[in-house]
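Right, one structure below, let's go through it.
Residue numbers (the working numbering): 55 to 149.
Right under this line is the structure:
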């Protein structure tokens with residue numbers, strides 16, 4: 055299992071319960087084939103540039119361990135999610 059990190063930005067217009075549900079969904083996706091190590095919720099932050107005409111986003115960073123196929127599935131699921139504005143998955147073992 056390799057170490058990965060996923061950072062995603064949620065739509066700031068979502069209700070708090072929807073934001074928490076989105077974070078839990080990502081944790082469940084990771085937990086199905088891997089292991090969540092750390093969840094760091096940064097909260098509302100100003101974006102460097104507007105995304106979908108929004109200037110703020112709700113940032114979440116999750117460290118996890120998984121096999122090499124899991125990040126592909128996570129990437130696919132985050133791309134089709136309406137709540138996620140942007141995401142980035144990084145392999146922390148490759149330097």
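In this text, a Cβ means the ideal position worked out from N, Cα and C, and glycines have one as well.
7 angstroms CB neighbourhood of residue i in its chain, flanking five on each side removed
i	result
residue 146	57, 58 and 59
residue 98	66, 110 and 112
residue 128	60, 83, 84 and 143
residue 106	139
Sequence-distant residues of the same chain with beta carbon closer than 6 angstroms to residue i, five excluded per side
i	result
residue 96	113
residue 76	64 and 137
residue 88	118, 119, 120 and 124
Buried versus exposed, by CB contacts within 10 Å (16 or more), residue i
i	result
residue 134	exposed
residue 124	buried
residue 234	The structure shown does not extend to residue 234, since the chain is modelled only from 55 through 149, so no value can be given for it.
residue 132	buried
residue 91	exposed
Among the options, nearest to residue i - alpha-carbon criterion
i	options	result
residue 93	118, 144 and 142	118
residue 79	116, 122 and 103	116
Bridge partner(s) assigned by DSSP for residue i
i	result
residue 56	120
Beta-carbon proximity list for residue i, same chain, < 8 angstroms, skipping 5 on both sides
i	result
residue 108	65, 66, 67, 101 and 139
residue 81	90, 93 and 116
query: Quick one: complete alpha helix (DSSP H) runs, 4+ long, within the region 61–125?
result: Within the region 61–125, the runs of alpha helix (DSSP H) that reach at least 4 residues and sit entirely inside it are, in chain order, 70–87.
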